[in-house]
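Working notes for the structure below.
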Amino acid sequence: MTDSIYDQLNAYGTVAKQRVVENFTGDALDTDRWQLTHSIGNDSNSPNGMADSVDGGFQWTTHNSNTGYYGQLSFNGIRPFDPVSSGWIAVTRNHTTTDTAHYAGLHENSYFMIQGAGNETYFRLSTRNDTEGTGNTNTSISSDTNWHVWKAETNGTTVSLYGDGVLEAERTAYIPSSTTGSLEPFFQVYNTNGGTSKTSSIRYFEAYNT
Amino acid sequence: MAYKQHFIEWFSGKQLPSYWNTDNITGTGTVSMVDSVDGGLTITAGSGGSDMTAIEFNNKTQFSPNASTCIVVGKTTASKQGGWGMLNDVSAGTHGIKTVINSTNTDPVRLYTADGSESAQTASSFICSTAQASFNAYKMWIESSNAYLSINGVLEATKSNNMPTSAMQPFAYVRLSSGITHIRYMECYNT
Numbered sequence: 001m002t003d004s005i006y007d008q009l010n011a012y013g014t015v016a017k018q019r020v021v022e023n024f025t026g027d028a029l030d031t032d033r034w035q036l037t038h039s040i041g042n043d044s045n046s047p048n049g050m051a052d053s054v055d056g057g058f059q060w061t062t063h064n065s066n067t068g069y070y071g072q073l074s075f076n077g078i079r080p081f082d083p084v085s086s087g088w089i090a091v092t093r094n095h096t097t098t099d100t101a102h103y104a105g106l107h108e109n110s111y112f113m114i115q116g117a118g119n120e121t122y123f124r125l126s127t128r129n130d131t132e133g134t135g136n137t138n139t140s141i142s143s144d145t146n147w148h149v150w151k152a153e154t155n156g157t158t159v160s161l162y163g164d165g166v167l168e169a170e171r172t173a174y175i176p177s178s179t180t181g182s183l184e185p186f187f188q189v190y191n192t193n194g195g196t197s198k199t200s201s202i203r204y205f206e207a208y209n210t
Numbered sequence: 001m002a003y004k005q006h007f008i009e010w011f012s013g014k015q016l017p018s019y020w021n022t023d024n025i026t027g028t029g030t031v032s033m034v035d036s037v038d039g040g041l042t043i044t045a046g047s048g049g050s051d052m053t054a055i056e057f058n059n060k061t062q063f064s065p066n067a068s069t070c071i072v073v074g075k076t077t078a079s080k081q082g083g084w085g086m087l088n089d090v091s092a093g094t095h096g097i098k099t100v101i102n103s104t105n106t107d108p109v110r111l112y113t114a115d116g117s118e119s120a121q122t123a124s125s126f127i128c129s130t131a132q133a134s135f136n137a138y139k140m141w142i143e144s145s146n147a148y149l150s151i152n153g154v155l156e157a158t159k160s161n162n163m164p165t166s167a168m169q170p171f172a173y174v175r176l177s178s179g180i181t182h183i184r185y186m187e188c189y190n191t
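Protein sequence lines, in the order shown, are assigned to chains F and H. Okay, so the first sequence: first residue is 1 according to our numbering, each after it adds one. Okay, so the second sequence: first residue is 1 according to our numbering, each after it adds one.
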């Protein structure tokens, strides 16, 4: 039996590519790794930060009822992930179904990510190629408040999204390409239509080049 | 069997985590995450001719001198020196196991071991210019009386003299003016 995580993740003799694994567990967000940005005034809102609950992960609440208010995690412009040969896994949830959206995936000017989509009926695979355009493809998973595990991979031709272990959506148009730049991890909660402040959570994120 | 100390660093994020200490052994270098695909972290030496900068655990030595493993994916720049492994005292270079990529590009990559007063090396068949040209996977491990280095899964060097006898910490370093060591993965564990 090997004692090495490396040997479990990589075929024998191969050179590992970039990877990150975040468990969102501890006293506070790892701010060496993550850049937290948000709309003005968000520091005083709650629940924000690491959740004091079983399987709670990290949660963020938008500042108030304003449309477009958000909280977001990123690598602050450090983009080690390949736009045409990479994947990510995220475990996320919305806390309400009305006017609450969250996004998780790999992002920069172009992206491929899950959209926990505000007042949309279903979660969606959302992709963008910043020289071509943006598109969304619905999954069959209703936009609810449950935790879901999302996994997406791109090979530069097709982006495939799995929801709770099932292939739910594929996109071949408006996806990141080798000319659109490298990508960084991204999670955002977003108030799509005013009302009250909105909360979303994430308790696992992994990204890797393939 | 009880779980032993195990450390994994992905070198992914906006900056080097604070559990690493930047050790400017000679001159003042820099460390930064790289904004490019598979870029990992760079450690850059100062501009002085013999400047040397390392990252280490500020002398928290949690790894066994006779039963441990260190895996690194890294590379260095041509005509500069760099390497990685585990040492008790990084500044003094004592009690440890390390891989060194030399500034002479035609030299072999070498496995070093060090006791409290002396270090010694064994050459691999892997040439430094190859180690500078691209990332490779280096695995160093110590058993009771031997130390080993494999590169990309091939056993390249074995040593049995000047073995460490004091506990060790992970480290990576660069030496010589404005040299750069690139590292995107490190794993250390006791066996």
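From the three backbone atoms N, C-alpha and C, an ideal C-beta is built for every residue, glycine too.
Check whether the Cβ atoms of residue i and residue j sit closer than 8 Å, and answer yes or no.
i        : j        : result
Pro80/F  : Val72/H  : no
Leu73/F  : Leu106/F : no
Tyr189/H : Asp3/F   : yes
Ala101/F : Ala90/F  : no
Ser86/F  : Leu167/F : no
Gly29/H  : Ile43/H  : yes
Gly49/H  : Leu176/H : yes
Val189/F : Gly71/F  : yes
Asn24/H  : Thr53/H  : yes
Val159/F : Thr139/F : no
Ile183/H : Phe7/H   : no
Phe24/F  : Met113/F : no
Ser129/H : Pro108/H : no
Asp115/H : Met186/H : no
Does any CB atom of chain H fall closer than 8 Å to the CB of residue i?
i        : result
Phe123/F : no
Lys17/F  : yes
Ile141/F : no
Asp130/F : no
Ser110/F : no
Val21/F  : yes
Gln35/F  : yes
Arg79/F  : yes
Spatial neighbours of residue i within its chain, please: CB distance less than 8 Å, with the 5 preceding and 5 following residues excluded, ordered by chain position.
i        : result
Ser134/H : Lys75
Pro47/F  : Gln59, Thr61, Thr199
Asp55/F  : Trp147, Arg203
Ala16/F  : Tyr6, Leu9, Asn10
Hey, residue i and residue j are a contact pair by Cβ (cut 8 Å); roughly how many whole angstroms apart?
i        : j        : result
Thr113/H : Ala123/H : No, Thr113/H and Ala123/H are not in contact; Cβ-Cβ is about 13 Å, not under 8 Å.
Thr191/H : Ala67/H  : 5 Å
Asp32/F  : Pro170/H : In fact, because the Cβ distance is near 16 Å, the residues do not count as touching under 8 Å.
Ile101/H : Gly83/H  : 6 Å
Asn66/F  : Asn191/F : 7 Å
Excluding the five sequence neighbours on either side, which residues of its own chain have a C-beta within less than 7 Å of the C-beta of residue i, listed in chain order?
i        : result
Ala28/F  : Gly49, Met50
Asp130/F : Asn109, Ser110, Thr180
Thr121/F : Ser142, Ser143
Ala173/F : Gly135
Gly133/F : Tyr174
Thr77/H  : Gln132, Gly179, Ile180
Of all Cβ atoms in chain F, is any one closer than 8 Å to the Cβ of residue i?
i        : result
Asn58/H  : no
Met86/H  : no
Lys98/H  : no
Gly13/H  : yes
Ser36/H  : yes
Glu187/H : yes
Ser18/H  : yes
Below 6 Å CB to CB, which residues in the same chain sit around residue i once its five sequence neighbours on both sides are set aside?
i        : result
Tyr148/H : Trp141, Thr158
Ala137/H : Val73, Asn152
Count the C-beta pairs between the region 141 to 148 of chain F and the region 82 to 100 of chain F that are closer than 8 Å, then say yes if the count reaches three, no if not.
yes
Are the region 192 to 208 of chain F and the region 154 to 169 of chain F touching by the rule of at least three beta carbon pairs closer than 8 Å?
no
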